[in-house]
Amino acid sequence: GWLLGIVAENPVPWLVTSSMLVLPYLLVRSFRRTYNAQALTGADASSYSSKQCYSNEELKRIELEQKLAQPNVTFDDNMGFKEMSPSELGGDCGTFRWLQTDDEITVEVSCGRETAPKDCQVKVTTQTLTVELGGDKILAGTLTKSVNADDCFWELEDEGDSKKLSITLVKAEKTRGNKHWKSVVKGGPKIDTSKFGPPIIPIIGDDPVALAEALK
5 GWLLGIVAEN PVPWLVTSSM LVLPYLLVRS FRRTYNAQAL TGADASSYSS
55 KQCYSNEELK RIELEQKLAQ PNVTFDDNMG FKEMSPSELG GDCGTFRWLQ
105 TDDEITVEVS CGRETAPKDC QVKVTTQTLT VELGGDKILA GTLTKSVNAD
155 DCFWELEDEG DSKKLSITLV KAEKTRGNKH WKSVVKGGPK IDTSKFGPPI
205 IPIIGDDPVA LAEALK
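Residue numbering for the sequence shown follows my numbering, starting at 5 and increasing by one per position.
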């Protein structure tokens, strides 16, 4: 009763004192919530306390979405998710080897230490690829799928005591799972893409682009 009497007699000082006490509390609480939200990224999501901001179910959902957003995600034998390396999604064809990601095809040709850029002839169109090294035809034909020719490039790199001709082809359309390229060119050595399982396409919210891709 005496406290209410004090407040009634001196309302202004009481309101000022209350505001001084409550405002720092609200600022600290706001900061903690902002920090918690920012901290929940990458590897932090797996170890972040479910008592702060997010429930266990929300954390699991966030971890799943982060995993599915990574490239080259396929199903494992137990119908779980696993990330495959680019080399696992390609093959070794003897005179060349190739690697694959969702966005690119990389063709690699081992060559001698003395090989110079003038010895490499690479021609890429949206539908075809021709690779010659020192006058020898390494690869030629119609590509399995279209590429963005203007974005494709090649380079000569050191590889131990020798060199490597590396050709990067940028896919016109991304691929995932069993929709990946089976070979670099039509009629060339193939890999078994069925073992990669159906494409795993994350759909967050009502994203129309992701939904259209999933329905292809």
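All C-beta atoms in this analysis are idealised placements derived from N, C-alpha and C, irrespective of residue type, glycine included.
First and last residue of the uninterrupted beta strand (DSSP E) at residue i
i, result
"W102", "101-104"
"I195", "Segment: none, I195 is in no beta strand (DSSP E) and carries neither H nor E."
"L3", "Here the chain covers residues 5 to 220 and nothing more, so residue 3 does not appear."
"A120", "Here A120 belongs to no beta strand (DSSP E), and DSSP marks it neither H nor E."
"K93", "Note that residue 93 is Leu in the sequence shown, not Lys. It is not in any beta strand (DSSP E) - L93 carries neither H nor E in the DSSP assignment."
"C124", "124-128"
"D154", "Premise fails: D154 is in no beta strand (DSSP E) and is neither H nor E."
Residue nearest to residue i in terms of C-alpha spacing, selected from the options
i, options, result
"G98", "K190, I142, N152", "I142"
"K178", "F157, L137, T105, V113", "T105"
"K183", "L169, V189, K199", "K199"
"P121", "G192, D107, F157, V188", "F157"
"E118", "P202, S150, L137", "L137"
"A144", "C115, V111, D155, D123", "V111"
"T132", "I195, S187, G201", "S187"
Cβ-based burial, residue i [other Cβ within 10 Å; buried from 16]
i, result
"T130", "exposed"
"K175", "buried"
"K167", "buried"
"T148", "buried"
"G181", "buried"
"G95", "buried"
Coil, strand or helix - residue i by DSSP
i, result
"T21", "Confidence at T21 is low in this model, with a pLDDT of 47, below 50, so the placement of that residue is unreliable and no value is reported for it."
"A187", "Position check: residue 187 holds Ser in this sequence, whereas Ala was assumed. Coil at S187, not helix or strand."
"D107", "coil"
"G139", "coil"
"G181", "helix"
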